[in-house]
Amino acid sequence: MAVIVAVAEKVGVPRSACQLLNTSDEINKRFLCGKFHVLVTQSGLFEHTPLIDAALETIYARTAFPEAADLLNEIAACTQISVRKSLIPTDSLPENLKTLSGVESLAFCEAEETLQAMEIARLITAIIVERSRPDAVCWAPSSFLLKPDAFSALARASNHDDLYLLPNPYGQQDPETGEQLIGMMGIGSQWLTGYRVEVLPCRLPPEYLAEILVAFSKFTNKSSHLIDDGDVFGREENEKIQVIYHEEDDDGLGTIELKVVHNPKFDILREDVPTKYVRYDEDLNETGSYMDGNEDAELDPHDPVDAAILERLQELKEEPSSQELPDVRSEEDFEQEMSALDRPDQPATPDYPETATLVSPSTASQVHQTIATAARQLDDTRIAGKTSPSSKRMSVAELRDFVKQAQVSNETSEKAGKKPGFLAKLFKRKADQ
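Count along the sequence shown starting at 1, add 866, and that's the number in the working numbering.
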């Protein structure tokens, strides 16, 4: 009981709302935790259910856990953990009681409560796995069949999407060329978004398709809303992934198709058209929006860096159009720099700001390497309306980086007694201000 109460409190259910139900016995425990009915049972015989069979067919199980099929044939018993809203299994209720009770009291209708229920199941399962050391763990919502250590690693990780969503690749042959195309299905996405989510077969690398699914799931979970049909999202300006909604299937679930419509890295280009941007911070809180061609509206005059940019932009607007920009090197200065390069005893260092060093992303976990997923941080997500924006103009984020770099370059130049470069002069603050 103490373990269940501790787990419930961790996900926001008060201790006073938790109780052990009278229907419990020595090996089957039933708890009421707020609106959730938690069942931990050890009396059931293990059998190959459709959920187990589906998990065995995933690419992950076949590659990372190939001995699972033989192992499951030898298992005689299992522990099941379930979390639902109704005290009585919904399938056992007469139709009239289902109608009287209302769907809200029987089924998960909001993503928030679905995630809360999965949190309870995840934490309880992690504790049982670490204490009992089973032969295998099947996380049914995403058909994830794992070795105990692999499950513990995912269950204890800060990013739970890696457990809740399983990118599963599938192949299809192009009927015209005979080329093998790869698609990616996000198993478990229905519990996170209310839709199946997939990328249809294409020529893009499987690991990139997996990243797309994980990025979409992260955005949906953290922002608590879905992207509109036809809109695009991306982790940076040169990535445009369109969201396309398809009608419901016979089981009542619709499908969200993710389609890459712009990514120069893979030679996928789309014509530039006017676009509205919505920008989000690392926690996916909306920080502003602007129309393509009016990015100045996004600058915050109370931010020191943005204030410097706005101040300089205003100065440039007030200057005559024929006036030259400051610090444009004359032909004489250029010749002096070039001649200095010919003197090895006096090496010259042009006054250009240093280029920022690119930092490679961290290595993915062993579990994700198996299915070629490297779920990156969605720390610069944008949503754009219907079409892809122009990427030829400098973004505000890039401009901020230039300003910060220029300020650092200016400070370094002053300490070394050197003449500041163009960017340092352009954004240098006046001493009397």
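Beta carbons are placed, not taken as given, at the ideal position from N, Cα and C, and that holds for glycine.
Report all residues from its chain with a CB closer than 7 Å to the CB of residue i; omit the five preceding and five following residues, and keep chain order.
| i | result |
| --- | --- |
| residue 1173 | 1167 |
| residue 876 | 989 |
| residue 1046 | 1037 and 1039 |
| residue 927 | 921, 934 and 1011 |
| residue 1070 | 1126 and 1132 |
| residue 974 | 951, 980 and 983 |
| residue 946 | 907 and 910 |
| residue 881 | 871 and 875 |
Can you give the Cα-Cα distance for residue i and residue j, rounded to whole angstroms?
| i | j | result |
| --- | --- | --- |
| residue 992 | residue 907 | 15 Å |
| residue 872 | residue 983 | 14 Å |
| residue 1220 | residue 924 | With a pLDDT of 34 at residue 1220, under the threshold of 50, the modelled position of this residue cannot be trusted; read the value that follows with caution. Their backbone Cα atoms lie some 48 Å apart in a straight line. |
| residue 878 | residue 1136 | 46 Å |
| residue 1079 | residue 1050 | 8 Å |
| residue 1096 | residue 892 | 54 Å |
| residue 1024 | residue 944 | 27 Å |
| residue 1086 | residue 1058 | 8 Å |
| residue 1064 | residue 1109 | 10 Å |
| residue 1029 | residue 976 | 19 Å |
| residue 1313 | residue 936 | Nothing about residue 1313 can be reported from this structure: the residues present for the chain run from 867 to 1299 only. |
| residue 1019 | residue 995 | 11 Å |
| residue 1180 | residue 1035 | 52 Å |
| residue 1170 | residue 1152 | 20 Å |
| residue 1144 | residue 1082 | 15 Å |
| residue 1091 | residue 1099 | 13 Å |
| residue 895 | residue 1041 | 54 Å |
| residue 1106 | residue 1122 | 16 Å |
| residue 1134 | residue 1113 | 27 Å |
| residue 1013 | residue 1044 | 37 Å |
| residue 1115 | residue 1176 | 52 Å |
| residue 898 | residue 1004 | 24 Å |
| residue 1117 | residue 1033 | 21 Å |
| residue 1111 | residue 1101 | 21 Å |
| residue 978 | residue 932 | 35 Å |
Leaving out five residues on either side along the sequence, give the residues of the same chain with a beta carbon under 8 Å from the beta carbon of residue i.
| i | result |
| --- | --- |
| residue 938 | 912, 914, 918, 922 and 1002 |
| residue 941 | 912, 1001 and 1002 |
| residue 1021 | 988, 989, 991, 992, 995 and 1029 |
Tell whether a beta-carbon distance below 8 Å holds between residue i and residue j.
| i | j | result |
| --- | --- | --- |
| residue 1037 | residue 1048 | yes |
| residue 1055 | residue 1031 | yes |
| residue 1061 | residue 1119 | yes |
| residue 1067 | residue 1104 | no |
| residue 874 | residue 986 | yes |
Can you find the residues in the same chain that come closer than 6 Å, C-beta to C-beta, to residue i, ignoring five residues on each side of it along the sequence?
| i | result |
| --- | --- |
| residue 883 | 900 |
| residue 950 | 903 |
| residue 948 | 905 |
| residue 916 | none |
Does the beta carbon of residue i come closer than 8 Å to any beta carbon on chain C?
| i | result |
| --- | --- |
| residue 1071 | Included in the structure is just one protein chain, with no chain C present. |
Inset, instruction - Answer yes if the segment 883-891 comes into contact with the segment 1008-1019, meaning at least three C-beta pairs across the two stretches below 8 Å, and no otherwise. - result: no
Legend entry - alpha helix (DSSP H) runs wholly inside the segment 988-1059, at least 4 long, in chain order: 1014-1022, 1027-1030 and 1055-1059
Inset, instruction - Taking 8 Å as the threshold, find out whether the segment 1071-1090 comes into contact with the segment 1124-1139 through three or more Cβ pairs. - result: yes
Inset, instruction - Only counting runs of 3 or more residues, tell me where the beta strand (DSSP E) segments fall wholly within the segment 870-924, in order along the chain. - result: 884-886, 894-899 and 902-907
Legend entry - Complete runs of the beta strand (DSSP E) confined to the segment 1056-1125 [at least 3 residues]: 1061-1068, 1098-1100 and 1106-1112
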